[in-house]
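Protein chains in written order, with the numbering used here: chain A, 155 to 397; chain B, 332 to 722.
What follows is a single structure, written as C-alpha cells, with notes after it.
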Amino acid sequence: MIQVKNLTKNYKEVEAVKEISFRVERGTVFGLLGENGAGKTTTLRMLATMIKPTSGTVIIDGLDLIKEPDNVRGKIGILFGGDTGLYDRLTARENIEYFGLLNGMSKADISKRVEELSMKLDMEEYIDRRVGKFSKGMKQKVSIARSIIHNPKIMLLDEPTTGLDVTSVRIVHEFILNQKKEGKTIIFSSHSMSEVEKLCDIVGIINKGRLIEISTLEGLKEKFSGNNLEDIFVELVGEKSEH
Amino acid sequence: MNIKYAMIVLKKELKDTFRDKKTIFSSIVIPILIFPIMAFALGFATNDMINDDMKPIDIVLISSGEVKLEAFLRETGQVNIVNTDDPDKALEDLTIRAIVKVEEGFDNKIESGAMGNVEVIYDQSSQKSDMGTSRLNNIIEAYSQAITNERLDALGIDLETLRAVSITSTSVSKEGGIGLMIFSMVFPMLITIYSAISGLATATDLGAGEKERQTLEPLLTTQASRLSILTGKLFTVFISGVIGTTASLVGFFIASKLNPDFLGTGVSLPLTPILVIGLFCAGLNLIFSGLELTISFYARNFKEAQTYLAPLSVILLIPAYMTMYLDGKAVPEVYFHIPIINTIAIIKEALVQIIDPVHIIIVLGWTIVYIVGSLLLTVGMFKKESVIFRA
C-alpha cells in the first residue's frame, strides 16, 4: 500500500509538485496521467527516494519515506523511461545479479531467482550473453527482470513504453498485468490515454504539479458524461490551464 | 557507508571497465607504446642530425683570389667548397650551409702579421645551417689559432706560458651524472601528469556514462547508499589510474632500453625513494580521481564530460613545466606547500636520494588535506539532486 501525503517539491522558485495526496491499495494499478513537464517523473523520483520532497511524505508498505529511505528502497522496483538502462558489456545474468546483490540478496537466492525469471520471461537462450547486441525486446525483458529480482512489493513505472516498438510495448504491458495479478502495488505514469485505459484501475490526472482529478476509469466517464479518456483529459487540463 | 555494497560496486565496475576495448587501449596499450614510439622517433631524428654533423660542410667561398684560408679549409677535409652562380639562393634552398666571404688582401694581411677579416653568412632559422656554421666557425678559429701560434713562435713566446687560469672540473655527483639530471627533469613531470589523468576515461564512463545509459536511476533505488556507490566508483577510477600510470612507467623503461639516450639513463634507485614516489603518486591519483568523478557526474552526458575534463591535462602542464628545471637538491621551501608542485618537488628530491622527513610530513599533510577536500566535493556533488538530475 502507498499513501502519498501532501507531497511537494520545489526547485528554487519553481513548484514542480504541489501538495499532492493519493492512496494506492495492494494489487492496484494507479495511472498518473499528465503532459510532459506536468510533474509525473518528479513525483515518481520522490517515491523512489531519488530526490527528497520539499514537504509532505509517503508511507510505503508501512514505512515512512522520509525516515527510512534505505528500507523503502528495498521494497520498490523501478522501470524508468523507454531506454532499458543496462550495462552493455555485462551479460544479462550479470546485469540482473548486480542489482540483486545491491538489494541485499544472497548469491544463492539470486541464482534461483534468475533461473525463475529467465524461464518466466523466456530469456534462457541469451541469459549468459552480453546485452550490447540484444534487440530492444530482449533488453526490455532483462530490464524487467532486473527491476523485480528482489521481488519488490511496490512497482514504480515512469513512462516505461516510451520509444519502444510494438513487441516491446506488449512485453511491458504483459509484465504490468502479471505484477498486478501477483498482488503488487503499481504506480504507472504515462501520457498515453489508451495505455492508461488498458492497464489502470485508478487514474490520477496531474497538471502543472497539481493532482486535479483522481477516480476510477468508470467514475471519470460517469462524471464527464461518458466521454472517452482523451476528451476528459483535454477538458480537464485545458480547463485548468485557462485559469 | 556499507563496505559490502562498495565492494560489489567496485568489482562490477572493474569488470565492466576492463571489458571495454577502448579503455584497455587508452589506459594500458597507448601508455605502454607511446614512450617507445617517442624514443624511436627521437632516435631517428638524432641519427639524422648526427649523420649531418659527420659530413663535410657545404659552403660557398667568395674571395678575390685569396688562397690561404681556402687551402686550410680544403686540407681539413671537413669543408666542401661548392661552386654556384647564386650563393644566396643556394643558402635559401639549404643546398649549402653557409657563405664565407674573404676580404680582398686577406692573404697579404696574414703575411704581414695584421688581422684578416672573414664574414660568414648563414641562416639562423635553419638548424642545419646554424649547426654547420658553428662547426665552420670552429674550423676558421682553428686556422686563426694556428697563425697566432706561428706569430708567437716567431717572437719566441710559448702560448702555454701566457695562460693565466687553468680549469679542471670534477663532478661530486654520486651516480648518474648528466643522465640523472635529464631524468630528474623529465620523469617527475611525466609521472605527475600520468598519475593525475590516467583515470580520466574510467571517470567519464562511471559518471556521465552512467547518466547517458540511464543506469544511474535504477542504481540509486537499490539498498546501497549513495556513499557506498560512490566509494566503489571512486576506487575503480583510482585503480584504473594506478594501472594507467604503471603502464606508462613500463613504456618509459622499455623506451630507455630501446634508446639509451632517451630522457636520461643510468638511474637506479634504492627502495625508499621508490616507495616515496609511489606513495605521493597514489595520493595525487586519489585526489584527481575524486575531481574527475565530480566533473563527470556534473556533466549531462559523455560528450559534455569529455569537454569538461579535457582542460584538466592542459592545466596540469603549467606546474609540470614550471618545475621542469627545478633542482632536486635545492627546492625552495615554499614549493612544498603548493598543490601538485609539492608532489613534483618531493619526487625530485627522492630521485636525487634526498629523503627529508620534514618535507615528507609537510607534503603528506597537504596531500591528505587535498584528498579529504576532493572526497568531500565528490560526495557533496553526488548527493546534490541538481547535479545528478541535471537536465
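Ideal Cβ placement from N, Cα and C applies to all residues, glycine included.
Being a predicted model, the structure only gives us computed values, none of them experimental.
Here B/L425 carries a coil assignment [DSSP, helix/strand/coil]. Here A/R199 is buried, its C-beta having at least 16 other C-beta atoms within 10 Å.
Restricting attention to A/N305, A/Q294, A/K307, A/E248, the CA atom closest to the CA of A/L275 is found in A/Q294. Neighbours of A/F253 across chain B, judged by C-beta separation under 7 Å: P549, T553. Contact annotation for A/L256 against chain B: Y336, I339, T553, Q554, A555 [CB-CB distance below 7 Å, chain order]. The three-state secondary structure of B/Q684, taken from DSSP, is coil. In terms of beta-carbon proximity, B/T546 lines the interface with chain A, with at least one pair separated by less than 7 Å. At least 7 Å separates the CB of A/I340 from every CB of chain B. In this structure A/G258 touches B/Q554 by the C-beta definition: roughly 5 Å separates them, less than 8 Å.
Runs of the alpha helix (DSSP H) spanning 4 or more residues and lying entirely within the region 189-214 of chain A occur at 194-201, in chain order. In this structure, the alpha-carbon of A/A170 lies about 13 Å from that of A/K206. Interface with chain B (7 Å Cβ-Cβ cutoff): A/F378 is excluded.
By the Cβ neighbour-count rule, B/N382 is exposed, with fewer than 16 other Cβ atoms within 10 Å of its own. Below the 9 Å Cβ cutoff, chain B contributes E716, I719, F720 as neighbours of A/I205, in chain order. Against chain A, the beta carbon of B/R350 has neighbours under 7 Å at R243, listed in chain order. Buried is the label assigned to B/H690, since at least 16 other Cβ atoms lie within 10 Å of its Cβ. From the listed residues A/K166, A/D218, A/S344, the smallest Cα separation to B/E716 is found for A/K166.
Each residue's CA atom was taken as its position, placing A/N164 and A/G191 some 14 Å apart. For chain A, the residues of the region 521-544 of chain B that bring a beta carbon within less than 8 Å of one of its beta carbons are R544, in chain order. At least one beta carbon of chain B lies nearer than 7 Å to the beta carbon of A/F234.
At least 7 Å separates the beta-carbon of A/G193 from that of A/V357.
With a minimum length of 4 residues, the unbroken runs of alpha helix (DSSP H) contained wholly in the region 390-440 of chain B fall at 399-407, 418-423.
When secondary structure is reduced to three states using DSSP, A/L365 falls in the strand class. In the three-state reduction of the DSSP assignment, B/A337 falls in the helix class, which pools H, G and I. Ranked by how close their Cα comes to the Cα of A/S301, the residues A/K287, A/F329, A/I214, A/T316 have A/F329 in first place.
The beta carbons of B/G530 and B/F569 sit about 7 Å from each other, so the pair counts as a contact at 8 Å. Within the DSSP bridge table, the entry for A/R243 names no partner.
B/L467 places its beta carbon 7 Å or farther from that of B/I412. Taking CB atoms only, B/K343 has a neighbour in chain A less than 7 Å away.
With respect to chain B, the C-beta atom of A/G392 has no partner C-beta closer than 7 Å. Taking a contact as a CB-CB distance under 8 Å, the pair A/A299 and A/L271 counts as one, their CB atoms being some 4 Å apart. Rounded to whole angstroms, the gap between the alpha carbons of A/I303 and A/K287 is 22 Å.
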